[in-house]
Structure formats: structure tokens, C-alpha cells
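Numbering (this note's numbering), first residue to last: 10 to 426. Below is one structure, written out as C-alpha cells; comments come after it.
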Amino acid sequence: MIDVDAAQQVLRTNDRDGHTVPTDGLYPFQWSWDSGITALGWLQFDEARAWQEAHVMFSGQWDNGMVPHILFHGDAESYFPGPDVWGSNTAVPSSAISQPAVWATVIRLMFEQGKDRALAEAAVQQLLPKLIAYHRWWYRERDPDETGLICSYHPWESGMDNSPAWDDPLAKVPEVDWSYQRRDLGHVDSEQRPHKPQYDRYLYLVDFYKKNGFDSDFIYRNCPYRVIDVGLVAILHRATRDLLELCRAAGADEAMDDLSLALQRTENAISKLWSEEHRCFFNYDLVADEVLDEITTGTVLPLFAGLASQSKGAYMADLIDEWLDATAFALSSTHPASDRFEPQRYWRGPVWLHINWMIAEGLSDYGYADLAERVKQATRKCVDESGFYEYFDAQTGAGCGGGQFSWTAAVALYWLA
Ligand code: DGY
10 MIDVDAAQQV
20 LRTNDRDGHT
30 VPTDGLYPFQ
40 WSWDSGITAL
50 GWLQFDEARA
60 WQEAHVMFSG
70 QWDNGMVPHI
80 LFHGDAESYF
90 PGPDVWGSNT
100 AVPSSAISQP
110 AVWATVIRLM
120 FEQGKDRALA
130 EAAVQQLLPK
140 LIAYHRWWYR
150 ERDPDETGLI
160 CSYHPWESGM
170 DNSPAWDDPL
180 AKVPEVDWSY
190 QRRDLGHVDS
200 EQRPHKPQYD
210 RYLYLVDFYK
220 KNGFDSDFIY
230 RNCPYRVIDV
240 GLVAILHRAT
250 RDLLELCRAA
260 GADEAMDDLS
270 LALQRTENAI
280 SKLWSEEHRC
290 FFNYDLVADE
300 VLDEITTGTV
310 LPLFAGLASQ
320 SKGAYMADLI
330 DEWLDATAFA
340 LSSTHPASDR
350 FEPQRYWRGP
360 VWLHINWMIA
370 EGLSDYGYAD
380 LAERVKQATR
390 KCVDESGFYE
400 YFDAQTGAGC
410 GGGQFSWTAA
420 VALYWLA
């Protein structure tokens, strides 16, 4: 049974004058995909606050259309790397990469489910041009060669930071040559966070964008980390479909042609990533020209995007069915048969609620309602066992990472309650 009052209280506690921090201390700013998922939680009990979450996020949109993955709305000693390290000098201090493009999907759900119609219509009028600019940015800057598959410049951009899928491409990135003090380890057990060699490379990449003046074209050709991230591709694809629905509802057809074309390109290209043997879509290292053959929850997200044929959908449903059998608290972010599976470490095995929600949505869309319900029940068990943690040990259900976590409470309110 979800404790609705307690879940609402998590969002109120994490509210900072219009944006919600993921959790106090560990993540003291506004993270884009956290914020989007969290808005769905607010929608259940305070619609005005849900829309405000979106307006505040888009107040930090860059002139080129990018929505940064972090908006630094103030100072906080408890987080590293802060705005000075990113060096982007924007009106709202921010990071210089984005994160999975959940916003158009969230805004469509808020628009369709919100009871205050006047509020919803006014908000969509305001947000629609910003969403269009954001999606155009993804396709223009991250797929200038129009391959149909946008690329990611940083494991943080995937939102699945420490996934074993990124180990090989990240290992080829040089390490930073300056010392720094991590703050995350002051909040969370080191067993549940990335190792130092990974952090050294995360920071090298942050420096690389800054040293190269955030020049998109240069970075696209020269960034030492360029990966086709199936999760990022799928979430963007789903969101572009949702954005087109919003455009239709608002009678705004000015962007429909180019965004429809972008959808078409991705639909034509995605099967290149399919592995019949492993029953999922694999990520791809563009620098090494290599398939990244790690099965993670990201590699079945094309279900959420409607990007797989019915037969590929059936293969993925089989994979998920077996995957659910293999861990007590599922779905684990990395397949438990992997050598690199760690049930507690950040994105290397634990369970994340919002990803399970996306997978369950996809399974329902493909006609696997019973399996979707199984994913939902497995997800509910995590919250029943441990409350609103950031993520959950896939074997024991123990809460990991930050406590009183916004998107966990939000998904509980939106989906599980
Ligand atoms: C972190 O600092 O761990 C964040 O996930 C980066 O976005």
C-alpha cells in the first residue's frame, strides 16, 4: 500500500520555490529528467505546482534550444561539480549537456490528465515553442549527418550514469589532470556510487566542452566519448511523438514536417541496433565503431517509443519475463546474468521506478498487459520494502542512494498509488 501522504510530503520537503530537488544534500539543484518525472507526482495533488516545475526548467533553456541536465538555481557546497566547473556562463547557471528528453511526454500527460483546463491550455501555449526548439536541438546538434540516431556525449547525459554499457567507451576517455573533491561520497555509501576512474573521465569530458567553447560542430566531430544510447534515442522518439500530438491539439503545425521526418529517420535506422541473439537493441560506440553488448533496461526502452516491430516486441517481452524471474526485486537496471551486474551500485544493477514505469507502459502498448502488471507489482515491492529511496537493491529491495527521493515518490503517486 503506497503511503500517499508520505509521498506528497517528500515532494513538499524537496520543493525549493518552484523547482524540486531530487533529494536534499546529494542533489541540491534541478535535474531535468528528475524534474519532469517529479511533475507527474505534483500533478496528482497540485496541478499549478506541476506546471510551475516545467516553466522553471524551461527558464534555463539555452538560446540554441538545449535544456541542460542541471540548472544551478543557487549555491550549494554539498554538490560537485558546480557551475564554475561547467563554465557555461548562462543566465541561469547550468551544465552543458542534456538528459533524456522526457518533457514532451510529461507535458502531454499533464495536458491530457490535468483537471484545470484553462491552466493546462495556457501552459501548453507557453511551453510548446520551447519544446519544439528543444527537440530540434537534439536532431540538429546530435545527428547533423541525419543518420536517424542521435548521439550522447556523456554518461551523465544518459541519466544512467554508471551503467556497465558505458564502461568501454568511457575507458578510452583521458583522465582529468587536476585534483578534486567528490561530494557524493559524503552522502551515500561508496559501494553504491561510481568509482574514481569513472569520475576522472566524467570530469575530463566536462572540461573538454568548456575548453572547446561549447562548439557543437567541433564537439560532434572530436568528442572522445560519442555513443548511440538506445535509452536516449527511445525516450526522445516517444517524446517527439507526444510533441506532435500536442502540436495537433494546439493547431500548431509549423514544426510537424521536420519532426515527422526526424521520427521517420529513426524508425528507418533503429533496426541496425537490434540483436536477435540477445532480444534487445544494443548501444553503439561511435568512436570505436563497436557494438556495446550489455543488456540493460535502456536496451528494451524502444518498447516505450513504439520503435520495435511486433515481432521484436515479442522477443523483448520474453526477455523481460525471464529477467523478472532472475531477481527478487525487479527489473534490475543491468541484466543479472552480466559479469558486471552489481545489485547495489549506481545503474549497475539496482531498480529504478521511473524506468520500470516506462517499460510497463511500453509492454501495455505492445499488448502485454499481464507482463506490464508483473513489472508494476515488482516495482511496488521495492517501495513497500524500503520507502522512497533513489534506487533499490535488486536482490534484497533495500533502499540505496539518496533517501526521500522526489522521482520515486512521484512515480509512486502517479503510477503505483
Ligand atoms: C551526479 O552527479 O551523480 C549526477 O548524476 C550527474 O548528473
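We treat Cβ as the ideally placed atom computed from N, Cα and C, and that holds for glycine. If you're wondering where the values come from, they're calculated on a predicted model, not measured in any experiment.
Candidates Ser44, Gln39 and Met66: closest to aspartate 84 by CA position: The shortest C-alpha separation from aspartate 84 is found at Gln39.
Tyrosine 36 beta carbon near the ligand DGY (any heavy atom closer than 8 Å): Yes; taking the cut-off as 8 Å, the Cβ of tyrosine 36 has a heavy atom of the ligand DGY nearer than that.
For valine 133, the three-state DSSP class (helix, strand or coil): Valine 133 falls in the helix class under three-state DSSP.
Aspartate 251 Cβ short of 8 Å to the ligand DGY heavy atom set: Look at aspartate 251: its beta carbon is at least 8 Å from all of the heavy atoms in the ligand DGY.
Beta-carbon proximity of tryptophan 366 to glycine 50, cut-off 9 Å: In this structure, glycine 50 does not lie closer than 9 Å to tryptophan 366 by Cβ.
Selected residue, minimal CA-CA separation from valine 360, among Ser199, Phe338 and Asp176: Looking from the CA of valine 360, the closest CA among Ser199, Phe338 and Asp176 belongs to Phe338.
Nearest-angstrom Cα separation, counted from proline 77 out to valine 65: Rounded to whole angstroms, valine 65 to proline 77 spans 12 Å at the Cα level.
Supposed contact pair arginine 202 and glutamate 184 - C-beta distance, whole angstroms, cut 8 Å: Cβ-Cβ separation between glutamate 184 and arginine 202: approximately 18 Å, too far for a contact (criterion under 8 Å).
Where phenylalanine 291 falls: helix, strand or coil (DSSP): Assigned with DSSP and collapsed to three states, phenylalanine 291 falls in coil, not helix or strand.
Cross-strand partners of valine 236 (DSSP beta bridge): Beta-bridge pairing links valine 236 to Ser161 and Asp294.
Contacting residues, own chain, Cβ-Cβ under 8 Å from leucine 52 (five flanking each side not counted): The beta carbon of leucine 52 sits closer than 8 Å to the beta carbons of Ala59, Leu118, Met119, Gln122, Gly123 and Tyr423 from its chain, once the five residues preceding and following it are set aside; these are given in chain order.
Alpha-carbon spacing of tryptophan 146 relative to histidine 196, whole angstroms: CA-CA distance, tryptophan 146 to histidine 196, rounds to 35 Å.
Pairwise C-alpha distance: valine 13 and alanine 419: Rounded to the nearest angstrom, the gap between the Cα atoms of alanine 419 and valine 13 is 10 Å.
Extent of the continuous alpha helix (DSSP H) run through valine 94: Counting along the chain, the alpha helix (DSSP H) containing valine 94 begins and ends at 92-95.
Cβ contact check for the segment 158-178 and the segment 350-358: 3 or more pairs under 8 Å: Touching, yes.
Distance, glutamate 370 Cα to leucine 312 Cα: The alpha-carbon separation between leucine 312 and glutamate 370 amounts to approximately 8 Å.
Buried versus exposed, by CB contacts within 10 Å (16 or more), arginine 151: Counting the other Cβ atoms within 10 Å of the Cβ of arginine 151 gives 16 or more, which makes it buried.
Spatial distance of glutamine 135 from glutamate 62 (CA atoms): Rounded to whole angstroms, glutamine 135 to glutamate 62 spans 13 Å at the Cα level.
Beta-carbon proximity list for glycine 74, same chain, < 7 Å, skipping 5 on both sides: These residues qualify, in order along the chain: Ala142, Tyr143, Arg145 and Trp146.
Nearest-angstrom Cα separation, counted from lysine 181 out to glutamate 166: Put simply, the backbone Cα of glutamate 166 is about 17 Å away from that of lysine 181.
Closer than 8 Å: tryptophan 95 CB and nearest the ligand DGY heavy atom: Shortest gap from the CB of tryptophan 95 to any heavy atom of the ligand DGY: 8 Å or more.
Coil, strand or helix - glycine 396 by DSSP: DSSP places glycine 396 in coil when its eight states are reduced to three.
heavy atom of the ligand GDP below 8 Å from aspartate 294 C-beta: Ligands displayed in this structure: the ligand DGY; the ligand GDP is not among them.
Which residues DSSP lists as bridging arginine 191, in chain order: In the DSSP output, where bridge partners are listed per residue, arginine 191 has none listed.
Alpha carbon of alanine 113 to alpha carbon of leucine 270, nearest angstrom: If you take the alpha carbons of alanine 113 and leucine 270, they lie about 17 Å apart.
Leucine 80 beta carbon less than 9 Å from that of glycine 69: Taking C-beta atoms as the reference points, glycine 69 and leucine 80 count as a pair closer than 9 Å.
Enclosing alpha helix (DSSP H) for glutamate 62 [first to last residue]: 56-67 is the extent of the alpha helix (DSSP H) around glutamate 62.
Endpoints, alpha helix (DSSP H) assigned at valine 215: Start and end: 205-220.
Glutamate 276 - containing alpha helix (DSSP H), residue span: Unbroken alpha helix (DSSP H) run through glutamate 276: 265-278.
Contacts around threonine 249, its chain only, beta-carbon distance under 6 Å, and the 5 residues preceding and following it disregarded: In its chain, beyond the 5 residues on either side, His144, Leu268 and Leu272 have a beta carbon closer than 6 Å to the beta carbon of threonine 249.
Option nearest serine 188 by Cα separation, candidates Tyr213, Ser199 and Met169: Closest option to serine 188, Cα to Cα, is Tyr213.
Bridge-paired residues (DSSP) for leucine 80: Gln39 and Ser103, per the DSSP bridge assignment.
Identified DSSP bridge partners for aspartate 24: DSSP lists Thr29 as the bridge partner or partners of aspartate 24.
Inter-residue Cα distance where the pair is arginine 247 and glycine 315: Distance from the CA atom of arginine 247 to the CA atom of glycine 315, rounded to whole angstroms, is 7 Å.
Bridge partners - valine 360, DSSP secondary structure assignment: Beta-bridge partners of valine 360 (DSSP): Phe401.
Short Cβ contact (9 Å threshold) for methionine 325 with alanine 317: Taking a C-beta distance under 9 Å as the contact criterion, methionine 325 and alanine 317 qualify as a contact pair.
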